[in-house]
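Only one structure is covered here, and it is reproduced in the block below.
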């Protein structure tokens, strides 16, 4: 991807932007806000900047919105001016402080949603002026800065009644180029959207008030697709039995989202018909299934998705229970295994827009990793299998009440249990398993190769007696009932080896060493619960000082929220695939060697504990 | 509407084009073909012209398709260059003689459909190259000159199977910017569209083979909406009882079209799924009902339509039985009572593109008239009521077997009867009624004011005895059973008065006299059957020499066929509302005076019979 340098005056901020990015988005990329009220449609004329260096032809929108004299002076609408050369340009000062909200990982987001309501007191038709109902609305929207709006058939059908119900006083609901609804009277006090993160395991819906930028409430629940398998591959396997199975999986996903929505609507007294947009993040398979697009080729070499680009769809045909003409907007994916959830993570963390060199790791069935900064970013996905979720561990369980989520091995065994340490432990969840393995390393019971030592080799070790045989396999006895075997540890080792090898390939691509990584961001549900120190101890993440490792929570939801609150953020999110290089590990001939290398645990003395 | 002058070299042809028209369409307007293979999307780069005079900024498409050097020399893509100044430009000679078909009223139409099939032998994905199925198709289409194509959800759903059914050998079906289907293998030998004229009375469907430009067959039938009333107003009245009634009317219209389509598919062995486009003409009310948009405000002052602009819709939600993802494209209307059928008439006759000054008259419940030439054109609609269709005449009937369709009054009465003159006459159809009234005028039995003379005033007239009393009204006895009364003649007089007054207002708008009209075109079913001489005798059309009056048949269907065969014609058709001024008679304060004036029949001696 060819990049050009754009310098924005008076701040002097420089951005290296892929060819074809607009001056508007490139500025936003580095946090410079340019005035705009039309959502980047080229119709409000407010985003003009003065191009000081570099030839930039005026666009039809420039001719429509700007006086010829200004065009001669170099003024251009930033939202329609694509970068095909190096430029220096000047941004006029904002006329007023923009409204903003905090979203993502501590990011300030301008409150400038793609979804807007416009109250229109329309002129009434007379015998002398008989334009059509649609033209009347369209002309009024054009005057208000929302030109070129397209109605759906259902909106056309609603127009004659809607216009006449309150004497041509209406509110138009606009999402991007779509006229979503025309409602009688002034309904501007009700404007909601929903951010949805469709995880393989958990689905999270956050209802957003787009007037205030605040979350009204959030709700989460298990993805009902779990009935068809715990992970992406088993879901795809189910889908292979035919289109009825794909439909079944879709209904499960839509059903899950809808029940969360209904819960939110009920609890916060919000009407479904005042929710006009859903922005959806999720891995590529989840998005395929949500749209009832067969995901089979994703699971078969060479692992190809049906679509990766962002989609903008009507809600009704999907069955998503927002306003039927509302829009469902999916995030783009980078590849079949680096999905829209990761793109949303990247948006939420700002990692591809800032100078700090960061590594983002989101571990589930696949370990996805993104490494980089505004200068350059690369991403990959490593096949981790379900080990991190404790799925193939006999004692494995979800992080629900009674699950061991933390382990400390000292003179004795101390456990942290979900729901309270006085509960009877029922099993081990993913973070507990990682803690256990890390602690086995730290306490010297597991060697670098991943071999559990013989009790005979652990003479005098206070926990030596806990190493026992179960079904012919050496095991560590955590409680009377709960133990973890050597083969189970091998599986985790293999999973972390794959992720670590992937990260290694990313570091090589950028030509950096582990110590160059300024921040490691652990994303997703797993990232929230994992003990960063343990993750480092087992070598899942590079050996960086502990304070550089941060759990950033459900960033996929955060990115979706940002895209709801600001069309600027949405455009950045949708352009991210242009900015991030996707590295397919299956195609990397060095991956296997590296994987074998990374199977080993890091030497304990090399772990820098600050 | 501001107009600019564009001169095309080397022919030197000049066109005065409304602001914003493209150089491509303006050239086509005067019959100059510019090379193009992408359907005007700005993606094939073939339509470049050299701008010799008048500043014209290059567009983003110019930058993408043309070398910088050519842009500096003045080359521009004609399809994306909008006219905002006077220009002189040079069109390169066509590289090869374009394929053309005859359609419309003897018009030569380049065979260049908006709907195309593109056979794509796609590269197969590998581990190194894993773009999504959609991206693979989209990139290949882009290379073939069809960039920026948008898939529907259903097409996305079909992609994984379609690409893999024949090893990534597929045929893409593209209509405008829509990806309508992706079919396994090479299916380019099957490409059909259907032109539909939804008349209030009759619906005509013409199945077109878009590879050859030939009509495969045509089928027509009565509009099943007839069950809800004979004319537009009674249909609208029915629709007022609520949305269920609107749905009923839609189902009737769609049912009519579908049964015609099924007939065509069966007779000509064409598969429904190989018909990907329907271009629909019809009056505004018919289009509203076809789309299930409530037409009520059309019937109530100030007579406003919900939409007049052309619509491009998926077939499936409308229930139209072509390929479910096929496109249904409606013609634009000029006003609530000068509908898409008239726009299609104007396209088919070429009257707004040529220098000949023509008057087009399409008479039904409303008498629509368009007057003008390439220089300027005006249109109106006069409320004629059902008189021309003989609806309120006791002896009135449709033009079916046994209807009197022609009358000559000489020494005796001679009748022309539908189905053969030996049949027993059953009644009088519209053209028969007009003939009768004209003949009554010619034979001196009806005075200029429309009064049937007393037999006492007609001493010696061979037909004097046929003037008799029926139910207290003076009547003319046509056969033993069939007679026409004075009040019935008054009703026809009133209808023709309204139409003639409308035409008069159009002539005044253009500042011309009746003798300036070079051709009178009688369009529609009525135009086909009416005796031009009688139309002139009763004053329905201006008193021009008879050879200037032509029945042009079902031009609404012809215009729709043209729009199927050529994207160039389609664009012209869709732009026609910009070129034709609509005059609303209800808003014309002079209309009533003129109407009363035009109630009189023209003096017989002033009718120029050549």
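Residue numbers (the numbering used here), protein chains in the order written: chain A, 1 to 610; chain B, 1 to 610.
No residue lacks a Cβ here, since even glycine has one placed at the ideal position from N, Cα and C.
Interface residues of the stretch 105-138 of chain B facing chain A [CB-CB below 9 angstroms]: Within the stretch 105-138 of chain B, the qualifying residues are 124, 125, 126, 127, 128, 129, 130, 131, 132, 133, 134, 135, 136, 138.
Contact the stretch 386-396 of chain B vs the stretch 490-501 of chain B: 3+ CB pairs below 8 angstroms: Contact between the stretch 386-396 of chain B and the stretch 490-501 of chain B is present, because at least three Cβ pairs lie under 8 angstroms.
DSSP three-state call for residue 419 (chain A): helix, strand or coil? In this structure, residue 419 (chain A) counts as coil in the three-state DSSP scheme.
Close Cβ partners of residue 319 (chain B) (< 6 angstroms) along its chain, the five nearest in sequence each way excluded: 254, listed in sequence order.
Secondary structure of residue 527 (chain B), DSSP reduced to three states: In this structure, DSSP gives residue 527 (chain B) a helical state, which the three-state scheme calls helix.
Could you check how far apart the C-beta atoms of residue 225 (chain A) and residue 249 (chain A) are, in whole angstroms? I think they sit under 8 angstroms. Contact flag correct, Cβ pair sits at about 5 angstroms.
Does residue 203 (chain A) pass the burial test, meaning 16 or more other C-beta atoms within 10 Å, or should it be called exposed? It counts as buried.
Which ranges would you report for the beta strand (DSSP E) in the stretch 441-482 of chain B if only whole runs of at least 3 residues count? Assignment of beta strand (DSSP E) within the stretch 441-482 of chain B, counting only whole runs of 3 or more residues, yields 467-470, 473-477 in chain order.
Got a sec? Which residues, its chain only, sit under 8 angstroms from residue 469 (chain A) by beta carbon, not counting five neighbours each side? The answer, listed in chain order, is 475.
Compute the Euclidean distance between the alpha carbons of residue 256 (chain A) and residue 437 (chain A), then round it to the nearest angstrom. A direct Cα-to-Cα measurement between residue 256 (chain A) and residue 437 (chain A) gives close to 34 angstroms.
Between the CA atoms of residue 153 (chain A) and residue 291 (chain B) - distance to the nearest angstrom: The C-alpha of residue 153 (chain A) is placed about 8 angstroms away from the C-alpha of residue 291 (chain B).
How is residue 97 (chain B) classed by DSSP in three states: helix, strand or coil? Three-state DSSP puts residue 97 (chain B) in coil, outside helix and strand.
Closest Cα partner of residue 588 (chain B) within the set A:129, A:5, A:511, A:602: In this structure, A:129 is the residue among A:129, A:5, A:511, A:602 with its C-alpha nearest to the C-alpha of residue 588 (chain B).
Grab the span of the beta strand (DSSP E) containing residue 187 (chain B) for me, first residue to last. It is not in any beta strand (DSSP E) - residue 187 (chain B) carries neither H nor E in the DSSP assignment.
By how many angstroms is the C-alpha of residue 341 (chain B) removed from the C-alpha of residue 622 (chain B)? This structure cannot speak to residue 622 (chain B), because chain B is shown only from 1 to 610.
Thinking C-alpha only, which one of A:578, A:487, A:459 is nearest residue 450 (chain A)? Cα-wise, what sits closest to residue 450 (chain A) is A:487.
Can the beta-carbon of residue 351 (chain B) be found closer than 7 angstroms to that of residue 296 (chain B)? Cβ atoms of residue 351 (chain B) and residue 296 (chain B): not closer than 7 angstroms.
Limits of the unbroken alpha helix (DSSP H) element including residue 70 (chain B): Here the alpha helix (DSSP H) through residue 70 (chain B) covers 68-72.
Quick test of the definition: if touching needs 3 or more C-beta pairs under 8 angstroms, does the stretch 15-30 of chain A touch the stretch 111-125 of chain A? No contact exists between the stretch 15-30 of chain A and the stretch 111-125 of chain A.
Test: residue 586 (chain A) CB closer than 7 angstroms to a CB of chain B: Chain B, which has a Cβ nearer than 7 angstroms to the Cβ of residue 586 (chain A), makes this yes.
What are the partner residues of residue 582 (chain B), as DSSP defines its beta bridges? In DSSP, residue 582 (chain B) forms a bridge with B:379.
Residue 291 (chain A) versus chain B: which residues are under 9 angstroms apart at the beta carbon? The contacting residues are 153, 156, 157.
Measure the alpha-carbon distance for residue 2 (chain B) versus residue 574 (chain B) and round it to whole angstroms. The alpha-carbon of residue 2 (chain B) is positioned some 18 angstroms away from that of residue 574 (chain B).
I'd like the list of long-range same chain contacts for residue 103 (chain B), defined as Cβ closer than 7 angstroms, with 5 residues on each side in sequence excluded. Closer than 7 angstroms at the Cβ level, and outside the excluded window around residue 103 (chain B), lie 109, 558, 561, 562, 565.
Please tell me whether residue 58 (chain A) has its Cβ less than 7 angstroms away from any Cβ of chain B. Yes, residue 58 (chain A) lies at the interface with chain B (some Cβ there is under 7 angstroms from its Cβ).
Inter-residue spacing [alpha-carbon to alpha-carbon] between residue 634 (chain A) and residue 260 (chain A): Residue numbering for chain A in the displayed model covers 1 to 610; residue 634 (chain A) lies beyond these limits and cannot be assessed.
Are the beta-carbon atoms of residue 193 (chain A) and residue 210 (chain A) separated by less than 7 angstroms? Contact: yes.
Using 6 angstroms as the cut-off, classify the Cβ of residue 314 (chain B) as near or not near the heavy atoms of the ligand ATP, replying yes or no. Absence of the ligand ATP is noted for the structure shown, with no ligands found whatsoever.
How long is the line joining the alpha carbons of residue 49 (chain B) and residue 145 (chain B), rounded to whole angstroms? Answer to the nearest angstrom: the Cα atoms are 18 angstroms apart.
Assign residue 222 (chain B) to one of two classes, buried (16 or more other C-beta atoms within 10 Å of its C-beta) or exposed (fewer than that). Label assigned to residue 222 (chain B): exposed.
Please report the distance separating the alpha-carbon of residue 609 (chain A) from that of residue 452 (chain A). Interpretation of residue 609 (chain A) is limited by its pLDDT of 38, a score under 50 that renders its predicted location unreliable; the figure taken from the coordinates is listed afterwards. Rounded to whole angstroms, residue 609 (chain A) and residue 452 (chain A) show a C-alpha spacing of 23 angstroms.
N-terminal and C-terminal residue of the alpha helix (DSSP H) that residue 194 (chain B) is part of: For residue 194 (chain B), no alpha helix (DSSP H) segment is defined; the enclosing uninterrupted segment is the beta strand (DSSP E) at 192-198.
Runs of beta strand (DSSP E) wholly within the stretch 32-63 of chain A (minimum 3 residues, chain order): As far as the stretch 32-63 of chain A is concerned, its whole beta strand (DSSP E) runs of at least 3 residues are 48-53.
Given 8 angstroms, three or more beta-carbon pairs between the stretch 20-38 of chain A and the stretch 88-105 of chain A: In this structure the stretch 20-38 of chain A lies against the stretch 88-105 of chain A, because at least three pairs of beta carbons, one per stretch, are closer than 8 angstroms.
Is it true that the CB of residue 276 (chain B) sits closer than 7 angstroms to the CB of residue 115 (chain B)? Contact check for residue 115 (chain B) against residue 276 (chain B) passes: the beta carbons are separated by less than 7 angstroms.
Buried versus exposed call for residue 303 (chain A) [16 or more other C-beta atoms within 10 Å across all chains shown]: The residue is buried, with at least 16 neighbouring Cβ atoms inside 10 Å.
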